[in-house]
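If you read the sequences in order, they're chains S and U.
Per my numbering, the first sequence starts with residue 199, numbered consecutively.
Per my numbering, the second sequence starts with residue 128, numbered consecutively.
One structure is given below, encoded as structure tokens.
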Amino acid sequence: MQTAATDSPSAEPQKGVSERETAAALRAQYLAAQLAGDRRRAVTLAVDEALAAGLGVSVIASEVIGAAQREIGQLWQEDRINIAQEHMATAISQLALAYLYQKAESRPRLGKRILVACVEGERHEFPARLLADALDMAGFDVRFLGADVPTASLARTLAEMPAEERPHLVALSATMAFHLPALRAATSAVRAALGPDVPIAVGGHICEWTRDVCTDVGATFTAADAADMVSESRRRLGVDP
Amino acid sequence: MNELAAALRAHASSLAADCTSRSFADPFWDARFGPRGRRYTEEDARHHLDYLATSLESADPSLLAHYARWLRSVLVTRGMCSLHLVRNLETVSDVVTTSVVADAATADQRTAIREALLGAGRALRYESEPAASAEALTTAVLTRATSWTGVPHWSAWTDALGSSTDLAHHWSYLTDAIALQRPTLYSAHIAWLVRAGAERGLPRAWPDAALASLEKLLIEVEAPQATADSVRAVIREAQVRGAS
């Protein structure tokens, strides 16, 4: 019977090869399979072979699948692949993340709810998806709303939630910097619905281009990546590591 | 500034259309990119305006600079050069500061608009070598432009293909190819020029002589050895691949 994957390696990485080297090697093979459009090979590499090599679930998500997606973005930027190829590769990564999620061990629930959403107009949902999965695997109860969530719909969803379902923390994602107004609006809507004490996190590429985004939009904190978001969420929600 | 940003967004369609019309007055754009290029140019103009509005709202001109650098990396791998984007941002500045949006703005706000857009253009200057040194030679090279424009048939080419034939843009294509370590970016531009010229029955002599004149220019401006070597490597690639 196959055991569920965890962040603790179930087998030792290949002797003499670091975790980083193992992840890098698998990422290169995964990227090649993505660009070849070989869905099965890509998913097998990124999940089955990565787990067998001793990589943990969070490392696979960030250093194999997530890192390959960043390379895909760079290849499109440099016109080395076209937009159809970029979409194909992203669809494969969505599949790989779903398979990884299925393989991941269900951690004890922490009793804390987090809502994750991309702001209105933001269609780049992959970073938010990585975040939602990481939080879920860490034991949070995650409600992931996906891409391009209209602000009015976000507000209504939160307002209509029974108190026992309301999130303890909200994470808003934006990639394109011209979504700053949408991010401000979404933050205001969350504050209006949930009050001043619920932490609001902002993540995504927008944070790299925007000076002091938290102050600008009225959010509570930003996180550099999914791992950072998990640890910061634990700290702010008072959950023991 | 929030009212100004709202006005920019409200008038984005007409402003973007105006920017596109002005850009396409240069025959290069239609020749190189055609109707599809016109649609993308208008789409890009809308993004420029959106980023301008966001930048003004946040009082953060660095936002436009980040955008310009990122956009440059996309455009120069698709047949344009950095100077095209600089000129593009200047066009947006001209259009906006003479539009109904500017009519309702204060003098300080109009200055902020110009500074944000022209500052984004300045942010495109290369800082790493050898591209920075190559780019630094631009002024010296342009003072010797007669060795370029004096090449036979230059005026016939420039009438047909616009800015793609002028020395400033060529130097920008060269610098981009050096900066990205992709000589094929320049040779692809030359190859397109040769094809476009042939389709229009233009005398082939010009692009060949133009590439040769670049070599002379390097000597005339006393380019540092490393810079000259970088430029020559890109020219050689074009002579082998693009001009044959």
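All C-beta atoms, glycine included, are put in the ideal place defined by N, C-alpha and C.
What you are looking at is a predicted structure, and each value in this text was computed from that prediction instead of being measured.
Compare the C-beta of residue i with all C-beta atoms of chain U and state if any pair is closer than 7 angstroms.
i         : result
Arg-409/S : yes
Asp-414/S : yes
Phe-324/S : no
Ala-375/S : yes
Glu-210/S : The predicted position of Glu-210/S is uncertain, since its pLDDT is 45 and thus under 50; a value taken from the coordinates is nonetheless stated next. Judged by the 7 angstroms Cβ criterion, Glu-210/S is not in contact with chain U.
Leu-186/S : A query on residue 186/S cannot be resolved here, the shown segment of chain S reaching from 199 to 439 and no further.
Leu-378/S : yes
Taking just the CA atoms, how far does residue j sit from residue i?
i         : j         : result
Trp-349/U : Val-268/U : Here residue 349/U turns out to be Glu, not Trp, going by the sequence shown. Glu-349/U and Val-268/U: Cα-Cα distance of roughly 10 angstroms.
Pro-207/S : Gln-227/S : Residue confidence is low: Pro-207/S scores 43 on pLDDT, short of 50, so the model does not pin down where it sits. Its coordinate-derived value is still stated next. Their backbone Cα atoms lie some 21 angstroms apart in a straight line.
Ala-336/U : Ala-287/U : 18 angstroms
Asp-246/S : Gly-235/S : 18 angstroms
Gly-264/S : Gln-292/S : 10 angstroms
Trp-275/U : Leu-294/U : 7 angstroms
Val-227/U : Trp-407/S : 30 angstroms
Tyr-300/U : Ile-317/U : 10 angstroms
Ser-255/U : Gln-352/U : 16 angstroms
Ala-387/S : Arg-433/S : 24 angstroms
Gln-300/S : Met-335/S : 10 angstroms
Glu-269/S : Glu-362/S : 41 angstroms
Leu-212/U : Pro-306/S : 53 angstroms
Gly-252/S : Ile-346/U : 59 angstroms
Leu-435/S : His-366/S : 8 angstroms
Tyr-313/U : Glu-170/U : 25 angstroms
Glu-358/S : Ala-304/U : 56 angstroms
Phe-160/U : Cys-208/U : 14 angstroms
Ala-421/S : Ile-398/S : 11 angstroms
Arg-354/S : Ala-380/S : 16 angstroms
Thr-273/U : Leu-273/S : 39 angstroms
Ala-229/U : Ser-304/S : 58 angstroms
Glu-318/S : Leu-356/S : 15 angstroms
Lys-310/S : Asp-339/S : 6 angstroms
Ala-417/S : Ala-139/U : 29 angstroms
Ser-357/U : Pro-257/U : 7 angstroms
Ala-259/S : Arg-237/S : 17 angstroms
Asp-221/U : Ala-132/U : 17 angstroms
Asp-153/U : Glu-242/U : 25 angstroms
Ala-306/U : Val-201/U : 14 angstroms
Gly-271/S : Gly-277/U : 44 angstroms
Arg-225/S : Val-215/S : 15 angstroms
Val-219/U : Met-128/U : 18 angstroms
Can you tell me the Cβ-Cβ gap for residue i and residue j, rounded? I've got them flagged as a contact below 8 angstroms.
i         : j         : result
Gly-248/U : Glu-217/U : 7 angstroms
Leu-308/S : Val-437/S : 5 angstroms
Tyr-376/U : Thr-302/U : The question about residue 376/U has no answer, for chain U in this structure spans 128 to 371.
Thr-373/S : Ile-404/S : 6 angstroms
Glu-276/S : Thr-204/U : 5 angstroms
Pro-279/U : Trp-197/U : That pair is no contact at about 40 angstroms.
Ala-369/S : Val-314/S : 5 angstroms
Ala-221/S : Val-262/S : 6 angstroms
Leu-244/U : Leu-179/U : 7 angstroms
Should residue i be flagged as near chain S, meaning a C-beta pair shorter than 7 angstroms?
i         : result
His-193/U : yes
Tyr-178/U : yes
Thr-168/U : no
Thr-187/U : Inspection of the sequence shows that residue 187/U is occupied by Asp rather than by Thr. Answer yes: the Cβ-Cβ gap between Asp-187/U and chain S drops below 7 angstroms somewhere.
Val-223/U : no
Val-367/U : no
Thr-302/U : no
Thr-181/U : yes
Leu-131/U : no
Leu-190/U : yes
His-138/U : no
Leu-142/U : no
Ile-362/U : no
Less than 6 angstroms separating the Cβ of residue i from some heavy atom of the ligand GTP?
i         : result
Ser-150/U : No copy of the ligand GTP appears in this structure; indeed no ligand is present at all.
With 7 angstroms as the C-beta to C-beta threshold (strictly closer), list the residues of the region 264-291 of chain S near chain U in chain order. Gln-275, Glu-276, Asp-277
Pull out every residue of the region 248-266 of chain U whose Cβ sits closer than 7 angstroms to any Cβ of chain S, in chain order. none
Quick check for students: name the residue ranges of the alpha helix (DSSP H) that lie wholly in the region 387-436 of chain S, counting only runs of 4 or more. 404-407, 411-415, 424-434
Entirely within the region 287-357 of chain S and at least 3 residues each: give me those beta strand (DSSP E) ranges in chain order. 311-316, 339-342
Which ranges does the alpha helix (DSSP H) cover as unbroken runs of at least 4 residues, wholly within the region 248-319 of chain U, from first to last along the chain? 258-263, 265-269, 273-276, 281-288, 294-306
Quick check on the DSSP output: what are the complete alpha helix (DSSP H) runs of length 4 or more inside the region 175-207 of chain U, in order along the chain? 189-202
Using Cβ-Cβ distances below 8 angstroms, what residues of the region 199-221 of chain U are close to chain S? Ser-200, Val-201, Thr-204, Arg-205
Could you pull out every unbroken alpha helix (DSSP H) segment of at least 4 residues lying fully inside the region 134-158 of chain U, listed in chain order? 139-150
Chain S contacts made by the region 268-298 of chain U, where a contact means CB separation under 7 angstroms: none
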